[in-house]
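Each position in the sequence shown, counted from 1, maps to that position plus 675 in our numbering.
Glycine is no exception: its CB is placed at the ideal position from the N, C-alpha and C atoms.
Remember, it's a predicted structure, so these values are computed and weren't measured experimentally.
Only one structure is covered here, and it is reproduced in the block below.
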Amino acid sequence: MIVASTREQLAAARKDLRGRVAVVMTMGALHEGHLELVRQARTQADSVIVTIFVNPLQFGANEDLDKYPRTLEQDLALIGDLTDVVFTPAPDVVYPTEALVRVSAGALGDVFEGASRPGHFDGVLTVVLKLMHLTQPDVALFGEKDAQQLAAIRRMVADLDVPVTVLGVPTVREPDGLALSSRNRYLSQEERETALLLSKALQTRDVRAGRALFDGSSATLDYLERVDSTTFAAAPDGDLLVIAAKVGTTRLIDNLKDAP
Ligand code: PAF
């Protein structure tokens, strides 16, 4: 595994990669969900690049940018055998100048996660496009847990003719149903129990019944809605149930797609 932290190091490592190249973009604090992305990447390509970068552009002023877990040594130990190149740039490597021009997520950026986190998806799309340019992959893999992010990335790639195939990888869950997330490590034991309400609400497959589970609980439901999984327009006959809730100070999201 080559660890590159500058653009020059990445370009040199990229030049030596053979065959089809896959990229898995992460913000570090890696868990089994990320490892599954990397394993799937291996099945799709001859070479794999993992990026580890906590992207300031996608965090709002009152969000957890400063306290977002940074566990680089552990991350490298976890993916060492699975990847060819790890790109771990500092913020000024990715943004040598102020990011004046950004990718807009359009209407997809204004609803659900975008409504709660204004500007979030513009920040995500901007860094994803930059990392695609820097790593030049044939294929990029993203987790389906961040369903709105995946929809926005698919739409960006289509609308801007980015020559990269985007693949979604199913959410990895704990045996009791909790979707894996780097933010789960913020949860106390009691909050972790409460967090199960998200997957339980989805399992009802019914918006009203799911919302009712939150009555009297300590978690604050932000939304539980049925949407169209490509546009994220709310639709009673949509194919995806999406949920977000705050458990303690931790905001968690999850979703469940109808069987095709
Ligand atoms: O899903 C994430 O971890 C991030 O949003 C991504 C795609 C790496 C962009 O910073």
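Residue i burial status per 10 Å Cβ neighbour count (16 or more: buried)
i	result
Ser893	exposed
Ala920	buried
Leu916	buried
Gly735	exposed
Asp750	buried
Ser904	buried
Gln733	buried
Ala826	buried
Ser722	buried
Glu868	exposed
Gly755	exposed
Leu862	buried
Gly694	exposed
Val839	buried
Glu819	buried
Val832	buried
Ala876	buried
Asp785	exposed
Asn930	buried
Neighbourhood of residue i by C-beta distance below 6 Å, restricted to the same chain and skipping five residues each side
i	result
Val698	Ile724, Thr810, Pro812, Ala815
Leu804	Val778
Thr726	Met700, Phe762, Leu806
Arg926	none
Gln719	Ala697, Val814
Gly923	Glu866
Asp942	As displayed, the chain neither begins before 676 nor continues past 935, which places residue 942 out of reach and without an answer.
Which residues DSSP lists as bridging residue i, in chain order
i	result
Phe762	Ala679, Thr726
Gly923	Answer by DSSP bridge pairing: none, since Gly923 is not bridged.
Phe817	Gly843
Lys932	Leu915
Val696	Ser722
Thr895	Lys921
Val768	Paired residue(s): none; Val768 is not in a bridge.
Same chain, Cβ closer than 8 Å to residue i, neighbours up to 5 away in sequence not counted
i	result
Gly789	Ala780, Leu783, His795, Phe796, Gln823
Leu740	Val729, Pro731, Phe734
Contact set for residue i: own chain, Cβ-Cβ below 7 Å, skip 5 residues either direction
i	result
Asp881	none
Val678	Leu751, Val761, Thr763
Pro911	Arg901
Decide if the region 695–704 is in contact with the region 737–744; the criterion is three or more beta carbon pairs, one per stretch, under 8 Å apart.
-> yes
Per the contact definition of three or more C-beta pairs closer than 8 Å, is the region 712–720 in contact with the region 879–899?
-> no
Sufficient close CB pairs (3 or more, under 8 Å) joining the region 762–781 to the region 679–694 = yes
Three-pair Cβ contact test at 8 Å for the region 860–878 versus the region 839–846 | no
Would you list the residues whose beta-carbon is nearer than 6 Å to any heavy atom of the ligand PAF, in the order they occur in the chain?
-> Met700, Thr701, Met702, Asn730, Gln733, Val799, Val802, Val803, Asp821, Gln824
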